[in-house]
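Undergrad:
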Amino acid sequence: MMSIRRRLSGRAVFVVLLVLAMVGVAGVSVAAGPPPTAEGTLAGTAGCGRAPTLTNGTHTIQSGGKSRSFILSIPENYDNTRQHRLVFGFHWLGGTAGQVAGGGSDGEVYAHYGLRRLANNSAIFVAPQGLNNGWGNSGGEDVTFVDDMIRRIDNDLCVDTTQRFALGFSYGGAMSYALACARPDVFRAVAAIAAPGGISGCSGGTQPFAYMGIHGINDNIGAGRGMRDRFVRNNGCTPQNPPEPAPGSRTHITTAYSGCREGYPVVWAAFDGGHQQGPVDGCAGCESGARSWVKEEVWSFFTGTGPNPTPPNPTAFRLRSQSADRCLDVSGANSSNGAQMIIWDCHTGANQQFTRTGQTLRVMGRCLEVPSNAASGTRARIWDCTGGANQQWNVNTDGTVSHVQTGLCLDVNGGSTANGTEVIVWSCHTGANQRWARA
């Protein structure tokens, strides 16, 4: 099991749970987080800090010499200083981007396969339009289209490059699978719903990747199993024949494979039904995105959160060391008085989210401080906010953060760049290990 520090700070890999959702037993989803690599560090795009020119609605770009279009859905409270998840939803054969973006007959509750409502303004959504209403991906042209959309969006909007996801039903699931194969370093995870095999291709397909397959037992389930098993092998998971519901059971069973390489789970959700994108437990053959369990399980797999997460605090920010390219961090995500400050890979955990009230810097409900009359070399820490001078800081235009009472500056000890390096106060010299950027 993961330590509390890893779980709270977001440096962790996936929390992998095995759940069997039998009749009368609620299905529990499996969470996904950043992989344990350098890519796990949050990396904002060129659009961060820029006034966006992209708006909600349909956009047209040139890709591979063809005019291609996509529908963009930007959060109502979009903040260009916050890095957002980016989620692509691919339509089925004969479907349209408009049906994905609008939710079809289920309406807004099922927009973008139901994930937009669950995201609660915390993510950017894209519904691309396929050529001839499909995803033939001839010569890789649809993967190139995705590359071009990402380039356009990244240059204009603030995206977390470690949190890109894709999902789709049927042909859209096959297209999501193609991205898992061809762009494992671009996307974090995909979910393929009732995908009819690799009909959009699989260029590459040799690297580990976080993969969720959802398939009906009466719908050529062998194709779905084969797609799943590619990533069972790639991810080093323990091979198994996961349980699947019996015909007539009107339920689903979700299994998280064990033994997978850290950060790269495989999840398989089989349901008693046919070629459906919105199966409903307890109802034979029912199709309703609004009532289906699928959207909640996919959202939880992608994000590690339940439905309706709290949107990011638009006033919160991180402080990134310009010498180490790591962020000011409360060690161990410990909210107790006296918890020490360190640097660590940047993430979205509460122990790196600061707000400024007056001249105080607040994190996890407490104030950043050093003891009164601290000398050079004293560790920075958090404490109950008292309004004292030892809790007041100047955030200066040269990037330094100076202590009002002592005049000393926040300093990465010894100029080290390693995770866990202590953060102290030291005589101000404006070196790179004393310069901090809001991130």
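Mapping of the sequence shown onto numbering that gives the first Met the number 0: position 344 corresponds to residue 343, and the numbering continues sequentially without gaps.
Every residue gets a Cβ at the ideal spot worked out from N, C-alpha and C, and that includes glycine.
None of these values were measured; they are calculated from a predicted model.
Work out the CA separation of H251 and K429 for me, nearest whole Å.
TA: Locating residue 429 in the sequence shown gives position 430, where the first residue counts as 1. Locating residue 251 in the sequence shown gives position 252, where the first residue counts as 1. What sits at residue 429 in the sequence shown is Thr, not Lys. Taking the straight line from one Cα to the other gives about 59 Å.
Undergrad: What does the alpha-carbon distance come out to for the pair T385 and L327?
TA: Position 386 of the sequence shown, counted from the start, is the residue given in the question as residue 385. Position 328 of the sequence shown, counted from the start, is the residue given in the question as residue 327. Those two C-alpha atoms are separated by around 21 Å.
Undergrad: Output the residue ranges of the beta strand (DSSP E) runs that lie fully inside the segment 370-409 and measure 3 residues or longer, sorted by chain position.
TA: Entirely contained in the segment 370-409, the beta strand (DSSP E) runs reaching 3 residues are, in chain order, 380-382, 392-394, 400-402.
Undergrad: Helix or strand or just coil, what does DSSP make of Q61?
TA: Sequence index remark: in the sequence shown, residue 61 carries index 62 (1-based). Q61: strand per DSSP, three-state reduction.
Undergrad: Can you list, in chain order, the residues of its chain with a C-beta nearer than 6 Å to that of T314? Leave out the 5 residues immediately preceding and following it.
TA: Walking along the sequence shown from the start, residue 314 turns up at place 315. T354, listed in sequence order.
Undergrad: Short of 7 Å in beta carbon distance, which residues of its chain neighbour A100, apart from the five on each side in sequence? Order them along the chain.
TA: As a working mapping, residue 100 is identified with position 101 in the sequence shown. Within the same chain, A100 has close Cβ partners I70, S72, A110, H111, A126.
Undergrad: Can you find the residues in the same chain that come closer than 6 Å, C-beta to C-beta, to V394, ignoring five residues on each side of it along the sequence?
TA: Counting from 1 along the sequence shown, the entry for residue 394 is found at position 395. Excluding residues within five positions, the ones whose Cβ falls inside 6 Å are V400.
Undergrad: Under the DSSP definition of a beta bridge, which residues are partnered with I149?
TA: As a first step, residue 149 is located in the sequence shown; it is residue number 150 there, counting from the start. Paired residue(s): none; I149 is not in a bridge.
Undergrad: Three-state secondary structure (DSSP) at T420?
TA: Taking the sequence shown and counting its residues from 1, one reaches residue 420 at position 421. Three-state DSSP puts T420 in coil, outside helix and strand.
Undergrad: DSSP on G88, reduced to helix/strand/coil?
TA: The residue given as residue 88 occupies position 89 in the sequence shown. Of the three classes helix, strand and coil, the one that applies to G88 here is strand, per DSSP.
Undergrad: Going by DSSP in three states, S330 sits in which element: helix, strand or coil?
TA: Within the sequence shown, numbered from 1, the residue matching residue 330 stands at position 331. In the structure shown, S330 sits in a helix (DSSP, three-state: H, G or I).
Undergrad: Could you have a look at A37 and say whether DSSP puts it in helix, strand or coil?
TA: By 1-based counting over the sequence shown, the position of residue 37 is 38. Only weak support exists for where A37 lies, its pLDDT of 35 falling under 50; the value from the coordinates is given anyway. Three-state DSSP puts A37 in a helix.
Undergrad: Please report the straight-line C-alpha distance between I423 and G48, rounded to a whole angstrom.
TA: On the sequence shown, residue 423 is found 424 positions in, with the first residue counted as 1. On the sequence shown, residue 48 is found 49 positions in, with the first residue counted as 1. Their Cα atoms are separated by approximately 29 Å.
Undergrad: Is A289 near V108, with beta carbons less than 8 Å apart?
TA: As a first step, residue 289 is located in the sequence shown; it is residue number 290 there, counting from the start. As a first step, residue 108 is located in the sequence shown; it is residue number 109 there, counting from the start. In this structure, V108 lies closer than 8 Å to A289 by Cβ.
Undergrad: Give the range of the beta strand (DSSP E) segment to which S320 is assigned.
TA: Residue 320 sits at position 321 when you count from the first residue of the sequence shown. Its beta strand (DSSP E) spans residues 318-320.
Undergrad: Tell me whether E243 sits in a helix, a strand or coil according to DSSP, three-state version.
TA: Sequence index remark: in the sequence shown, residue 243 carries index 244 (1-based). Reduced to three states, the DSSP call for E243 is coil.
Undergrad: For A431, I'd like the list of residues in its chain whose CB is within less than 6 Å of its CB, leaving aside the five on either flank, ordered along the chain.
TA: The residue labelled residue 431 in the question sits at position 432 within the sequence shown. So the list reads Q321, S322, once near-sequence residues are dropped.
Undergrad: Quick one: residues in its chain with C-beta nearer than 8 Å to the C-beta of A499, no 5 flanking neighbours on either side, listed in chain order?
TA: For residue 499 there is no data in the structure shown, the boundaries of the chain being 0 and 438.
Undergrad: What residue range does the alpha helix (DSSP H) around E368 cover?
TA: Taking the first residue of the sequence shown as position 1, residue 368 is located at position 369. Counting along the chain, E368 falls outside any alpha helix (DSSP H), though it belongs to the beta strand (DSSP E) covering 365-368.
Undergrad: To the nearest angstrom, how far is it from the Cα of W425 to the Cα of R378?
TA: For the purposes of this step, residue 425 is identified with residue 426 of the sequence shown, where counting begins at 1. For the purposes of this step, residue 378 is identified with residue 379 of the sequence shown, where counting begins at 1. Each residue's alpha carbon lies about 10 Å from the other.
Undergrad: Which residues in the same chain have their Cβ closer than 6 Å to the Cβ of D397, if we skip the five residues on either side of it in sequence?
TA: Locating residue 397 in the sequence shown gives position 398, where the first residue counts as 1. Around D397: T429.
Undergrad: For my contact list, V231 and R182 are in at a C-beta cut-off of 8 Å; report their separation, rounded to the angstrom.
TA: Here the question's residue 231 lines up with position 232 in the sequence shown. Here the question's residue 182 lines up with position 183 in the sequence shown. The pair is not a contact, with the Cβ atoms about 20 Å apart (cut-off 8 Å).
Undergrad: Residues bridged to L360 by DSSP?
TA: Locating residue 360 in the sequence shown gives position 361, where the first residue counts as 1. Note: L360 sits in a beta bridge opposite R355.
Undergrad: To the nearest whole angstrom, what separates the beta carbons of G212 and C180, a pair I think is in contact under 8 Å?
TA: The count along the sequence shown starts at 1 and reaches residue 212 at position 213. The count along the sequence shown starts at 1 and reaches residue 180 at position 181. The Cβ separation is near 14 Å, so there is no contact.
Undergrad: Nearest to S248 by alpha carbon, out of Q433, G262, V189, A269?
TA: In the sequence shown, the residue the question calls residue 248 occupies position 249. The residue with the shortest Cα to Cα distance from S248 is A269.
Undergrad: Once you ignore the five residues that flank W91 on each side, which residues in its own chain have a CB closer than 6 Å to its CB?
TA: Counting from 1 along the sequence shown, the entry for residue 91 is found at position 92. If we look at W91 and ignore the five residues flanking it on each side, its Cβ neighbours are F168, S169, Y170, G171.
Undergrad: Measuring straight from C-alpha to C-alpha, what distance separates L409 and G348?
TA: Start at 1 with the first residue of the sequence shown, and residue 409 comes out as number 410. Start at 1 with the first residue of the sequence shown, and residue 348 comes out as number 349. Near 21 Å, if we compare the C-alpha coordinates of G348 and L409.
Undergrad: Would you mind giving the Cβ-Cβ distance between A177 and N233, rounded to the nearest angstrom? I have them listed as a contact below 8 Å.
TA: By 1-based counting over the sequence shown, the position of residue 177 is 178. By 1-based counting over the sequence shown, the position of residue 233 is 234. Going by Cβ atoms, the distance from A177 to N233 rounds to 15 Å, so no, they are not a contact pair.
Undergrad: Considering only the beta carbon of each residue, do G56 and C157 sit closer than 8 Å?
TA: To locate residue 56, count along the sequence shown from 1; it is residue 57. To locate residue 157, count along the sequence shown from 1; it is residue 158. Not closer than 8 Å, so no.
Undergrad: Which two residues bound the contiguous alpha helix (DSSP H) that contains W298?
TA: One-based indexing of the sequence shown puts residue 298 at position 299. First-last of the alpha helix (DSSP H) with W298: 293-302.
Undergrad: Checking 8 Å against the spacing of the C-beta atoms, do F300 and A188 come in under that value?
TA: To locate residue 300, count along the sequence shown from 1; it is residue 301. To locate residue 188, count along the sequence shown from 1; it is residue 189. Cβ distance < 8 Å, so F300 and A188 count as in contact.
Undergrad: Assuming I252 is part of the beta strand (DSSP E), what are its boundary residues?
TA: In the sequence shown, residue 252 corresponds to position 253, counting from 1. Taken as a continuous stretch (DSSP letters only), the beta strand (DSSP E) holding I252 covers 251-255.
Undergrad: When DSSP labels each residue in this structure, what does Q433 get in the three-state scheme?
TA: Counting from 1 along the sequence shown, the entry for residue 433 is found at position 434. Helix, per DSSP.
Undergrad: If you count every other CB in all the chains shown that lies within 10 Å of the CB of T420, and 16 or more means buried, which is it?
TA: The residue given as residue 420 occupies position 421 in the sequence shown. T420 comes out buried.
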